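Positions in the sequence shown are counted from 1; adding 1088 to them yields the numbering used here.
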Amino acid sequence: MLPRVSSLPSQNSPFHPSHPGSAPVSGSEPGSLRIGVDLGGTKIESVVVRLPGSATTPGRLPEVLARTRRPTDRERGYEHIVNAVADSIWDVASQAGLSPDRLPPIGVGMPGAVTRAGVIKNSNTTCLNGRPFRGDLIRRMGEPIAFANDANCFALAEATFGAGRGHEVVFGVILGTGVGGGIVLPTPDYPLSPGLSRPMLGRSWNGPQGIAGEWGHVTIDPEGPPCYCGRRGCVETYLCGPALEADYRQRSGQALALRDIASAAQAGHDPHASATLQNATRWFGRALATVINILDPDVIVLGGGVSLLDCWYNAGRAEVSRWVFTDELTTPIVRHQISDAAGVLGAALLPTSSPALTAEGSR
Ligand SMILES: [Zn+2]
């Protein structure tokens, strides 16, 4: 039988949920099992992983013991999603040979944030907004569960195992069907010094309102396109994949998938495609320079399907340089290293990097 791993920090730990501070990290037991769930707008992915035993093994990813995917079917509504996430957890646990009454600690990453009252806000799966998803899922599972925004999970995974490894402050950016961001800070109990490698886990910084790092909904033009959040001209409305495709459609009169727009721009035979990407890199530069001016992270890691475009790392970086408040931009802006698994791996790290909560728990 696999060992049961304690899912809540001890009562006297500063990381216990009752502690008024935020939710940092206390390290990782060698070989600990975790369940990670990435609740996306189109699919729910769950994994059972064994975390690497050593904090100093560079680049070592957790061993994935089981993985499941199922459609979110969000049009079927709130109750369906609660049940689908619970079923996904039980399925993946069963696939890994785990008993349903002895599950390892569970972390769930999802768009949006959980308010102090325990309800979801800011999710683009809008049927979750205003609903007590956290408490309902915890009650359904009968287990404490740690929650975080999906971009925070991405940033945590890249900071721990990927392109942000070895850096103190990591800003993770998701450029995909939506745009998000997440901040990972060094753990207070493992201060970094020159020559020391990064500890096993950073600390995902959520902020008291759960909106830290929410770069996608910074307004860069109050007269800009409407956003699902109810405001206009959010970064997301300029840099998400559908926005780039819409921009191209408007310029050229024809619809092309983003990868075809990128190929056409690279081949240099489609001025509309080039204009779409140039326009996007200008917004990217202005928007990301603001992040650097405020946070000055050690590295910025880009993830999501739109991050695969080359333009962000050359022309986009040059645009960032134009707007940032320093003579020479030294911040590395790099592509992610953990493919599309970062969200679910980051979720699996949550029970260690933030407190798992009971249904009545609050941050
Ligand atoms: Zn918005």
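Using N, Cα and C, we set each Cβ at its ideal position, and we do this for glycine too. Note that the structure is a prediction, hence the values are computed from the model and not measured.
So residue i and residue j are supposed to be a Cβ contact under 8 Å. How far apart are they, rounded?
i	j	result
VAL1323	ALA1239	Wrong, their Cβ atoms sit about 12 Å apart, outside the cutoff.
GLY1206	ARG1222	5 Å
VAL1422	ILE1380	That pair is no contact at about 14 Å.
LEU1433	GLY1129	Actually they do not touch by this definition, with Cβ atoms about 19 Å apart.
VAL1257	TRP1303	The Cβ separation is near 15 Å, so there is no contact.
ASN1237	PRO1199	7 Å
GLY1250	HIS1424	6 Å
GLY1329	GLY1393	6 Å
ALA1436	VAL1173	Not confirmed; about 15 Å, so no contact.
GLY1295	ASP1309	The Cβ separation is near 24 Å, so there is no contact.
By the three-class DSSP mapping on this structure, what secondary structure does residue i have?
i	result
GLU1133	strand
ILE1271	strand
ASP1179	helix
ALA1353	helix
SER1123	A quick correction: the sequence has Ile, not Ser, at residue 1123. If DSSP states are grouped into helix, strand and coil, ILE1123 belongs with the strands.
VAL1173	helix
THR1265	coil
SER1304	Looking at the sequence shown, residue 1304 is not Ser but Gly. Helix.
PRO1314	strand
SER1114	With a pLDDT of 35 at SER1114, under the threshold of 50, the modelled position of that residue is not reliable, and no figure is offered here.
ARG1319	coil
LEU1438	helix
ARG1162	helix
ARG1347	helix
ASP1358	coil
GLN1099	Per-residue confidence for GLN1099 stands at a pLDDT of 31, beneath the threshold of 50, marking its modelled position as unreliable; the derived number appears in the next sentence. If DSSP states are grouped into helix, strand and coil, GLN1099 belongs with coil.
LEU1280	Confidence at LEU1280 is low in this model, with a pLDDT of 48, below 50, so its placement is unreliable and no value can be given for it.
ALA1143	Here ALA1143 scores only 48 on pLDDT, less than 50, and its place in the model should not be relied on; the value that follows carries that caveat. Correct three-state label for ALA1143: coil.
Considering only heavy atoms of ligand 1, does any lie closer than 6 Å to the CB of residue i?
i	result
ARG1319	yes
CYS1328	no
CYS1315	yes
CYS1322	yes
HIS1357	no
HIS1305	yes
Using a Cβ-Cβ cut-off of 7 Å, state whether residue i counts as contacting chain B.
i	result
ASN1217	This model lacks chain B altogether; it includes just one protein chain.
Name the two residues that bound the continuous beta strand (DSSP E) containing residue i.
i	result
GLU1151	1151 to 1159
ARG1291	1291 to 1293
Locate the alpha helix (DSSP H) running through residue i, then write down its first and last residues.
i	result
LEU1332	1329 to 1340
Please indicate yes or no: does the CB of residue i lie closer than 6 Å to some heavy atom of ligand 3?
i	result
CYS1215	Judged by which ligands are present, ligand 3 is missing from the structure shown, whose ligands are ligand 1.
Subject >> Every unbroken beta strand (DSSP E) within the segment 1366 to 1435, with a cutoff of 3 residues, ordered by chain >> reply: 1387 to 1391 and 1421 to 1423
**OP:** Quick one: which unbroken alpha helix (DSSP H) runs of 4-plus residues sit fully inside the segment 1188 to 1254? Chain order, please.
**Re:** 1221 to 1229 and 1238 to 1249
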